[in-house]
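Novice: Quick one: the structure is below, questions incoming.
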Amino acid sequence: MIWTLGLITLLGMAVIVGARYRTKTSSNYASVAAAEMAAESAVNLAIATALAATPEQAVNFPLRCRLPGGERATITVEEETGKIDLNTASSAALTRFFTALTGDQSRGIRIASEIVAFRSPKAQATPATKPAESRFTTVMQLDQIDGMSPRLFRTALRHVTVRSGRPEPDMEAASPATLRLLNVQPKQTLGKRGLPAGGSITIRADISASDGTRFIREALVSLEGGNGRPFVIREWRRGDIDPSSARQERTQGAAHACLRLRDATSS
């Protein structure tokens, strides 16, 4: 009888613990989903705010503000011209970048060579036809390069592009994270920057919810999208936390309402 009661008690505790776990898991999923929606809203808000602003009301980035749901948003703009273009970067630029990223020169040289080979024209079946041009159409194809580990792939994503068309990155347009990686000292005059007049940018929204949930969404945006459109969102990506940045924790008390900033620029 005692063993039966003990077994029933254990089963009851297991059911209670399982129910609590499922409730907590469901709550976590809901928190992440809410933070993800907030991040996408912040990206769209940044685009609308910047495009609606007059020269006198230009919005500078990074932009820190508070969303209607109470989430803290840090919104940054990264110009694609300040990144390593996988299609047009010189072999020297690729080697320098991947050597800095891996800390291993021989590995950096190998990866650079693989990228150059990937984008080289491919021979056709008949000699009468021209070799087919091979290009990276998205930075996500970087994971097809031999020697690209998952961790290296995720780390490199923030610093590479397929839309600058430059053999070397423009250091004046490079993000602080890229400058730190390449050991380039930023100019003292560089501070907050507004949106460029054209070209492509990555808008990065870093969201921190009141319950501690954090989500980062990145959008590759082409300005002057053509056909009368002021912009085109080319790609959505989930971003990774930059451990070397100070982030929002030190500025949470000073964040203004995001919609107030939007209303100020559109008025």
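So the sequence shown is numbered by our numbering: it starts at 147 and just counts up by one.
Ideal Cβ positions, reconstructed from N, Cα and C, are used throughout, including at glycine.
No experiment lies behind these values; they were computed from the predicted model shown.
(1) Compute the Euclidean distance between the alpha carbons of Leu213 and Glu182, then round it to the nearest angstrom.
(2) Any idea if Glu370 is buried or exposed, counting beta-carbon neighbours within 10 angstroms, 16 or more meaning buried?
(3) Does the contact criterion of 3 or more C-beta pairs under 8 Å hold for the stretch 373-385 versus the stretch 237-255?
(4) Restricting to Cα atoms, I'd like to know which of Glu226, Phe377, Ser252 and Ile362 is closest to His305.
(5) If you compare alpha carbons, which of Asp289, Leu325, Ser237 and Pro315 is closest to Arg300?
(6) Can you round the beta-carbon distance between Thr241 and Ala258 to whole angstroms, since I take them to be within the 8 Å contact cut?
(7) Determine the direct distance from the alpha carbon of Gly311 to that of Glu217, and round the result to whole angstroms.
(8) The beta strand (DSSP E) with Thr234 in it runs from where to where?
(9) Buried or exposed: where does Phe377 fall if 16 or more other Cβ atoms within 10 Å of its Cβ makes it buried?
(10) In its own chain, which residues sit with a C-beta less than 6 Å from the C-beta of Asp352, not counting the 5 before and 5 after it?
(11) Closer than 7 Å by C-beta to Ser321: which residues in its own chain qualify, once you throw out the five before and the five after it? Chain order, please.
(12) Which whole-angstrom value describes the C-beta separation of Ala194 and Val205, a residue pair presumed to lie in contact below a C-beta threshold of 8 Å?
(13) What are the start and end residues of the alpha helix (DSSP H) that includes Pro214?
(14) Return helix, strand or coil for Pro296, following the three-state DSSP convention.
(15) Mind checking Val330: buried by the 16 CB within 10 Å criterion, or exposed?
(16) Taking only three categories from DSSP, how would you classify Arg281?
(17) Determine the closest residue to Ser252 out of Arg265, Thr234 and Gly293, with distance taken between C-alpha atoms.
(18) So the candidates are Cys211, Tyr175, Arg281 and Arg326; which of them puts its Cα closest to the Cα of Leu191?
(19) Run through DSSP, which three-state label would Ser356 get?
Specialist: Checking against the coordinates, here is how it stands:
(1) Answer to the nearest angstrom: the Cα atoms are 13 Å apart.
(2) exposed
(3) no
(4) Closest by alpha carbon: Glu226.
(5) Asp289
(6) 4 Å
(7) Separation of Glu217 and Gly311 (C-alpha to C-alpha, rounded to the nearest whole angstrom) is 37 Å.
(8) Where Thr234 is concerned, there is no enclosing beta strand (DSSP E), given that its DSSP letter is neither H nor E.
(9) buried
(10) The beta carbon of Asp352 sits closer than 6 Å to those of Thr220 and Ile362, all from its chain and outside the five residues before and after it, given in chain order.
(11) Glu224 and Gly228
(12) So it is not a contact: roughly 10 Å between Cβ atoms.
(13) No alpha helix (DSSP H) contains Pro214, which DSSP labels as neither H nor E.
(14) helix
(15) exposed
(16) coil
(17) Gly293
(18) Residue Cys211 is the option with its Cα nearest to Leu191.
(19) coil
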